[in-house]
Each structure stands twice: as C-alpha cells, then as structure tokens.
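Structure record follows, encoded as structure tokens.
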Amino acid sequence: MIGFEDPDNPASELSTNAGGGDCDRAEGSDLKASVYREIDAAFASLAQARTGALRVGDDAFFNIGWGQIVALAVRHASSL
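All residue numbers for the sequence shown refer to the working numbering, where the first residue is 2 and numbers rise by one.
Here is the structure:
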C-alpha cells in the first residue's frame, strides 16, 4: 500500500497505522502531490510499481481533486 500526501500540509501525513489497519509500506514510499500535474505523475509511478492499494491523506487539496484521483485509479487499475 502506498500513501498519498500533500507535502504542503503536515496534517495530511499518513501514519503507518492510520485507518485502522497495518500498512506494509517501505519507509519513503509515500507519494507527494500538491498540484494536479503531480497527481498524474504519482499515478504513473504507481502503475510502474504495480501498486495494489492507495491510501489518500486527509487534505483539502485531495478533497477537491477526488474526481481526478478516482479516474486515475480506475484507469491504472485496468492496466494491472
């Protein structure tokens, strides 16, 4: 599982046990995005890594861009 965080908002950081479950992530494997084009680039790297799960941090930027995140997740999931 990879975490998706906004580097401009420390409150969006994901703990390894946030959301009620353990998360087997390598340290430093979280993706950072604070502008829309960084979301596209992050999803390209997710596809290359064949990531099976994505957890998104609690941040207003992601709340506004949820449609883009969902569309990219669907598109990249179909290529896994």
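From the three backbone atoms N, C-alpha and C, an ideal C-beta is built for every residue, glycine too.
Where residue i falls: helix, strand or coil (DSSP)
i	result
glutamate 6	strand
valine 71	helix
arginine 51	coil
Rounded distance between the beta-carbons of residue j and residue i, thought under 8 Å
i	j	result
tyrosine 37	glycine 66	6 Å
Whole-angstrom distance between residue j and residue i, CA atom to CA atom
i	j	result
proline 11	aspartate 60	9 Å
alanine 43	glutamate 14	16 Å
arginine 56	phenylalanine 63	11 Å
aspartate 7	alanine 72	19 Å
glycine 22	isoleucine 70	Interpretation of glycine 22 is limited by its pLDDT of 47, a score under 50 that renders its predicted location unreliable; no figure is taken from the coordinates.
serine 35	phenylalanine 5	10 Å
alanine 54	lysine 33	16 Å
Among the options, nearest to residue i - alpha-carbon criterion
i	options	result
glycine 68	Asp7, Glu14, Asp41	Asp41
threonine 52	Asp31, Ala72, Ser35, Glu6	Asp31
### Task
Could you tell me whether the segment 40-52 touches the segment 63-78, using the rule of 3 or more Cβ pairs below 8 Å?
yes
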